[in-house]
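Chains as they are written, first to last, in this note's numbering: chain R, 1 to 254; chain F, 255 to 527.
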Amino acid sequence: MSRRTVVGIATLLAVAGLWYLLTAATGWVGSARFPNPAEFGTAVKQIVTGGYAGARIHEHVLQSCKLVAMGFLVAVSVGLPLGLLMGWNRRAEALINPVFLIIRPIPPLAWIPLAIVWLGLGDGAKIMVIFFAAFVPSVINTHAGIRNIEPFLIEAARMLGVRGPRFVFGVLLPAAAPLIFTGLRLSLQASWTTLVAAELVGALLGLGYVLNAAAQDIFPAMILTGMVFVALSGAASTWLLGRLEQRVTRWRTA
Amino acid sequence: MSGSVPAPATPMDARAPLDPATRWRLGLAGLVGFLALWWAVAASGLVPKAFMPSPVDVARQFARLLQEPFAGHTLQTHLLSSIGRYLMGFGLAVAVGLPLGLLMGWFRTLDAIVTPLFEGLRYVAPIAWVPFAALWFGTGIGGPTLIIFAGAFPPCVINAYRGARQVEPYLIEAARMLGLSNARMIVQVLLPAAVPSIIAGVRVSAGLGWQSLVGAELIVASSGVGYLMVKGQASISTAIVMSGMVAIGVVGLLIDVGVRQIESAVNRRRGKG
């Protein structure tokens, strides 16, 4: 084991020890502010077995994952072709870019009130908000990815007579894949942030709603539980996307 | 990689650069088309006016918000209170993040201690701090400041750290040979060398901080542009919500332009010096 790993593990143990010391052992940090380890364990057990805020944890997680997946997929399936078009065709770029420049500075979270006015508190509003969060990075990075392709690659493909869909899927997209995936990672992160915010503002199911309900109940152990599950879901989806990237860009190392 | 070799494009090629006049014409056409489409949808009456105000309605509402108070204050006052919170959270993130990143770049043990904690916290969306922020610091200034901090902090740390780690080894060797203390090494060698990376990080974190602020104000605040939008939403006034979006977008854009100016000024000076 490297020195780094040892220090890392020691740090995590020290933090856990400090947590126990400050909350349970000495009571310097009261339960009303931050839960002690036992309370945290009870809260996790409660939401896993019995349920909290109207559902058990897997239902909340599934609901959030479902919405992120839907919003993300819609955004990518619109954003990627648009970025491709803008990267390839200067006229399309000149036409679309100014409109895009107006929408871009509006933070994804600022769409939440508009989404609620238009679509209410249901799934539709969340998908709309996630769409705007994930759309912008996927367009920008696809655009940049296509623009940065080495010209000789395109010339070579042309000379070999590669045209139409084969040219798009066999040459353009693979060559732009690294930047496209950077965009997708940013999109995914933004999707989670906006979803949690949208669910905090108004929802009846999902991780943000757990956080909201726990905040209303002044239940710090459940707040911490909700945060842990938000982090786990975000990390898991990022990991999945990383695996997908490895599979798709296997040719790079092969 | 790119840019150095101009694409060998024929005039018929879609990738051929456009002359500026054509680009302006197309850009203007795009903008006009967008506004016309928006106006047409609003004017057609297919969507009730409360849900789809025309661009003119939004502009009028925006002007009204500047004069008459809504949700307690005029738009300017809301904006000022947003910007005040933002500066506190963002300033705190820079003041803590940059030194921490530099120290992590120099002291390996600190790096080994902080990195696992940081990795664990990285996946917690800044907005997920809202309940604790409200519980610990209330909904006035403290709560939103914590959320802005949570959004703006990571890029500051990461970029200061990367900048410090990428310092040319010979600079460090030379400084060592001259017997620099740790403190002087960090301030006089690592910091100047890390400036480009640090500024890039500050730019990202300025954007993320502004975004987190909006989220914080939607949920926990009793003033600010986000709060104004929530109130507009509650009274089903799309024009007020859209005015808020415009104000947020414009300030966000100004922040980005400002930081970019600083960035290019610093890079110019470094290029000359």
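Idealized CB from N, CA, C, for every residue including glycine. Given the structure is predicted, the values throughout are model-derived calculations rather than measurements.
With 16 other CB atoms within 10 Å as the buried threshold, where does residue 527 of chain F fall?
Numbered from its first residue, the second sequence carries residue 527 of chain F at position 273. Bear in mind that a pLDDT of 46 at residue 527 of chain F, under 50, signals an unreliable position, so the number given afterwards is only what the model happens to contain. Exposed is the call here.
Endpoints, the alpha helix (DSSP H) within which residue 419 of chain F is located
Here residue 419 of chain F refers to the residue found at position 165 of the second sequence. It spans 396-419 - the alpha helix (DSSP H) in which residue 419 of chain F sits, taken as one unbroken run.
Are three or more beta carbon pairs between the region 39-46 of chain R and the region 198-213 of chain R nearer than 8 Å?
no
Taking DSSP as the reference, what is the three-state secondary structure of residue 324 of chain F?
Sequence index remark: in the second sequence, residue 324 of chain F carries index 70 (1-based). Residue 324 of chain F: strand per DSSP, three-state reduction.
Which residue spans inside the region 184-223 of chain R form an unbroken alpha helix (DSSP H) run of at least 4?
207-216
Identify which residue in F:480, F:476, F:414 and F:432 has its Cα closest to the Cα of residue 448 of chain F.
On the second sequence, position 194 is the one that residue 448 of chain F refers to. Closest option to residue 448 of chain F, Cα to Cα, is F:414.
Is residue 52 of chain R helix, strand or coil when you go by DSSP?
As a position in the first sequence, residue 52 of chain R is number 52, starting the count at 1. Strand at residue 52 of chain R.
Just to make sure I have the definition right: I need the residues of chain F whose C-beta is within less than 7 Å of the C-beta of residue 118 of chain R. Which are they?
Reading the first sequence from its first residue, position 118 is the one you call residue 118 of chain R. Ordered by position in chain F, the residues that pass the 7 Å Cβ test against residue 118 of chain R are 305.
Proximity test, Cβ basis, 7 Å: residue 258 of chain F and chain R:
Counting from 1 along the second sequence, the entry for residue 258 of chain F is found at position 4. The pLDDT assigned to residue 258 of chain F is 48, lower than 50, so where the model puts this residue is not dependable, and the model offers no usable value.
Below 8 Å on the Cβ atoms is my contact criterion, and I expect residue 406 of chain F with residue 347 of chain F to pass it. Report the Cβ-Cβ distance as a whole number of Å.
Within the second sequence, numbered from 1, the residue matching residue 406 of chain F stands at position 152. Within the second sequence, numbered from 1, the residue matching residue 347 of chain F stands at position 93. Between residue 347 of chain F and residue 406 of chain F the Cβ distance is about 4 Å, and since that is below 8 Å, they are a contact.
To the nearest angstrom, how far is the alpha carbon of residue 377 of chain F from that of residue 229 of chain R?
Indexing the second sequence from 1 puts residue 377 of chain F at position 123. Indexing the first sequence from 1 puts residue 229 of chain R at position 229. Cα to Cα, the separation comes out at about 10 Å.
With contact counted as at least three CB pairs below 8 Å, one residue from each stretch, are the region 509-524 of chain F and the region 360-374 of chain F in contact?
no
Check whether the Cβ atoms of residue 177 of chain R and residue 249 of chain R sit closer than 7 Å, and answer yes or no.
Taking the first sequence and counting its residues from 1, one reaches residue 177 of chain R at position 177. Taking the first sequence and counting its residues from 1, one reaches residue 249 of chain R at position 249. In this structure, residue 249 of chain R lies closer than 7 Å to residue 177 of chain R by Cβ.
Using alpha carbons as the reference points, say which of R:32, R:85 and R:131 lies closest to residue 223 of chain R.
Here residue 223 of chain R corresponds to residue number 223 of the first sequence, with the count starting at 1. Residue R:32 is the option with its Cα nearest to residue 223 of chain R.
Can you list the residues of chain R that residue 277 of chain F reaches, using a CB-CB cut of under 7 Å?
Looking up residue 277 of chain F in the second sequence gives position 23. By Cβ distance, chain R contributes 94.
Go ahead and label residue 58 of chain R buried or exposed: buried means 16 or more other beta carbons lie within 10 angstroms of its beta carbon, across all protein chains shown.
Reading the first sequence from its first residue, position 58 is the one you call residue 58 of chain R. Exposed: under 16 other Cβ atoms inside 10 Å.
In terms of residue numbering, what span does the alpha helix (DSSP H) encompassing residue 61 of chain R cover?
Sequence index remark: in the first sequence, residue 61 of chain R carries index 61 (1-based). From DSSP, the alpha helix (DSSP H) with residue 61 of chain R extends over 57-88.
6 Å CB neighbourhood of residue 35 of chain R in its chain, flanking five on each side removed
The residue labelled residue 35 of chain R in the question sits at position 35 within the first sequence. Excluding sequence neighbours, residue 35 of chain R sits near 220, 221 and 224.
Contacts around residue 82 of chain R, its chain only, beta-carbon distance under 6 Å, and the 5 residues preceding and following it disregarded:
Position 82 of the first sequence, counting from 1, holds the residue named residue 82 of chain R. So the list reads 139, once near-sequence residues are dropped.
For residue 329 of chain F and chain R, any beta-carbon pair shorter than 7 Å?
As a working mapping, residue 329 of chain F is identified with position 75 in the second sequence. No, residue 329 of chain F does not count as interfacial toward chain R.
Contact set between the region 455-487 of chain F and chain R, restricted to residues whose Cβ is under 7 Å from the partner:
464, 465, 468, 469, 472, 473, 483, 484, 486 and 487
Once DSSP output is grouped into helix, strand and coil, what is the label at residue 166 of chain R?
Here residue 166 of chain R is taken as the residue at index 166 of the first sequence, counted from 1. Residue 166 of chain R: helix per DSSP, three-state reduction.
Against chain R, which members of the region 389-403 of chain F pass a CB distance test of less than 7 Å?
389 and 390
Determine, for residue 347 of chain F, whether the minimum Cβ-Cβ distance to residues of chain R falls below 7 Å.
Here the question's residue 347 of chain F lines up with position 93 in the second sequence. Cβ-Cβ to chain R under 7 Å: no for residue 347 of chain F.
Residue 339 of chain F, buried or exposed, once every other Cβ within 10 Å from all chains shown has been counted against 16:
In the second sequence, the residue the question calls residue 339 of chain F occupies position 85. Result: buried.
Please name the residue in R:133, R:98, R:152 and R:105 whose C-alpha comes closest to that of residue 112 of chain R.
As a working mapping, residue 112 of chain R is identified with position 112 in the first sequence. That would be R:133, whose Cα lies nearest to the Cα of residue 112 of chain R.
Boundaries of the alpha helix (DSSP H) in which residue 307 of chain F is found, first to last residue:
Taking the first residue of the second sequence as 1, we reach residue 307 of chain F at position 53. Per DSSP, residue 307 of chain F belongs to no alpha helix (DSSP H) and is neither H nor E.
Exposed unless 16 or more other CB atoms sit within 10 angstroms - verdict on residue 515 of chain F:
Counting from 1 along the second sequence, the entry for residue 515 of chain F is found at position 261. Exposed is the call here.
Could you check whether the Cβ of residue 450 of chain F sits closer than 7 Å to any Cβ belonging to chain R?
Position 196 of the second sequence holds residue 450 of chain F. Chain R contact via Cβ: absent.
Please report the straight-line C-alpha distance between residue 429 of chain F and residue 352 of chain F, rounded to a whole angstrom.
For this step, residue 429 of chain F is matched to residue 175 along the second sequence. For this step, residue 352 of chain F is matched to residue 98 along the second sequence. One C-alpha to the other measures close to 21 Å.
Taking only three categories from DSSP, how would you classify residue 28 of chain R?
Against the first sequence, residue 28 of chain R aligns to sequence position 28. The answer is coil: DSSP assigns residue 28 of chain R none of H, G, I, E or B.
Of the residues F:490, F:468 and F:450, which one's Cα is nearest the Cα of residue 523 of chain F?
Stepping through the second sequence from its first residue, residue 523 of chain F is reached at position 269. When only C-alpha atoms are compared, the closest one is F:450.
With distances taken Cα to Cα, identify the nearest neighbour of residue 381 of chain F among R:195, R:49 and R:203.
Within the second sequence, numbered from 1, the residue matching residue 381 of chain F stands at position 127. The residue with the shortest Cα to Cα distance from residue 381 of chain F is R:195.
For residue 474 of chain F, which three-state DSSP category applies?
In the second sequence, the residue the question calls residue 474 of chain F occupies position 220. Here residue 474 of chain F sits in coil by DSSP.
In this structure, how does DSSP classify residue 256 of chain F when only helix, strand and coil are distinguished?
Walking along the second sequence from the start, residue 256 of chain F turns up at place 2. Confidence is the limiting factor: at residue 256 of chain F the pLDDT is only 43, short of 50, which leaves the residue's position unreliable and the question unanswerable from this model.
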